[in-house]
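Visitor: Please find one structure pasted underneath; my questions will follow.
Numbering (our numbering), first residue to last: 1 to 114.
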């Protein structure tokens with residue numbers, strides 16, 4: 001089985017902090033914030049092109065965000081018009097406004113509620 005060696009799947013995005021590569025000089029939190037900013041831009045472009053918001057999946061998004069970036073993410077999510085699925089160990093994410101359903105894993109089983 002072969003694969004195409006050229007195309008967008010083979011591209012690398014390089015984020016920079018000033019003139020330095022973020023991959024080397026940015027903290028993990030800064031790198032995570034950059035990826036989230038890119039995802040938010042992608043979501044907005046998809047919404048503009050398709051006329052509706054995509055489903056957003058955020059896995060362990062709270063692990064490396066400082067309180068300021070977490071608050072800005074909350075602001076975005078509260079205004080987001082689509083469905084959002086979040087996995088997190090940070091109970092602060094339960095305070096996001098809007099309709100929500102909370103599930104937890106307890107003793108290897110899925111249970112509803114906080």
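The beta carbon of each residue, even a glycine, is placed where N, CA and C say it ideally should be. Keep in mind the model is a prediction, meaning the values are calculated, not measured.
(1) Can a CB atom of chain D be found closer than 7 Å to the CB of residue 66?
(2) If you compare alpha carbons, which of 65, 75, 99, 84 is closest to residue 90?
(3) Pop quiz: residue 34 and residue 15 are said to be a contact at Cβ under 8 Å. What is the actual Cβ separation, rounded to whole angstroms?
(4) Would you check if the distance between the CB atom of residue 78 and the CB atom of residue 101 is smaller than 7 Å?
(5) Is residue 70 helix, strand or coil when you go by DSSP?
(6) Provide the residue(s) that pair with residue 109 in DSSP beta bridges, ordered along the chain.
(7) Is residue 84 helix, strand or coil by DSSP?
(8) Just to confirm before moving on: does the CB-CB distance between residue 81 and residue 56 stay below 7 Å?
(9) Quick check: what's the CA-CA separation for residue 131 versus residue 59?
(10) Mapping DSSP to helix, strand and coil, what is residue 6?
Guide: In brief:
(1) Looking at the structure shown, chain D is missing, and only one protein chain is on hand.
(2) Your numbering for residue 90 matches position 90 in the chain shown. Closest option to residue 90, Cα to Cα, is 65.
(3) Walking along the chain shown from the start, residue 34 turns up at place 34. Walking along the chain shown from the start, residue 15 turns up at place 15. The pair is a contact, with the Cβ atoms about 5 Å apart (cut-off 8 Å).
(4) In the chain shown, counting from the first residue as 1, residue 78 sits at position 78. In the chain shown, counting from the first residue as 1, residue 101 sits at position 101. Taking 7 Å as the Cβ cut-off, residue 78 and residue 101 do not qualify as a contacting pair.
(5) Residue mapping note: residue 70 aligns to position 70 of the chain shown, counting from 1. Reduced to three states, the DSSP call for residue 70 is helix.
(6) Taking the chain shown and counting its residues from 1, one reaches residue 109 at position 109. Note: residue 109 sits in a beta bridge opposite 106.
(7) Locating residue 84 in the chain shown gives position 84, counting from the first residue. The answer is strand: DSSP assigns residue 84 an E or B state.
(8) Stepping through the chain shown from its first residue, residue 81 is reached at position 81. Stepping through the chain shown from its first residue, residue 56 is reached at position 56. Contact flag unset, no.
(9) It is not possible to answer for residue 131, since the shown part of the chain is limited to 1 through 114.
(10) Within the chain shown, residue 6 is the residue found at index 6, counting from 1. In this structure, residue 6 counts as coil in the three-state DSSP scheme.
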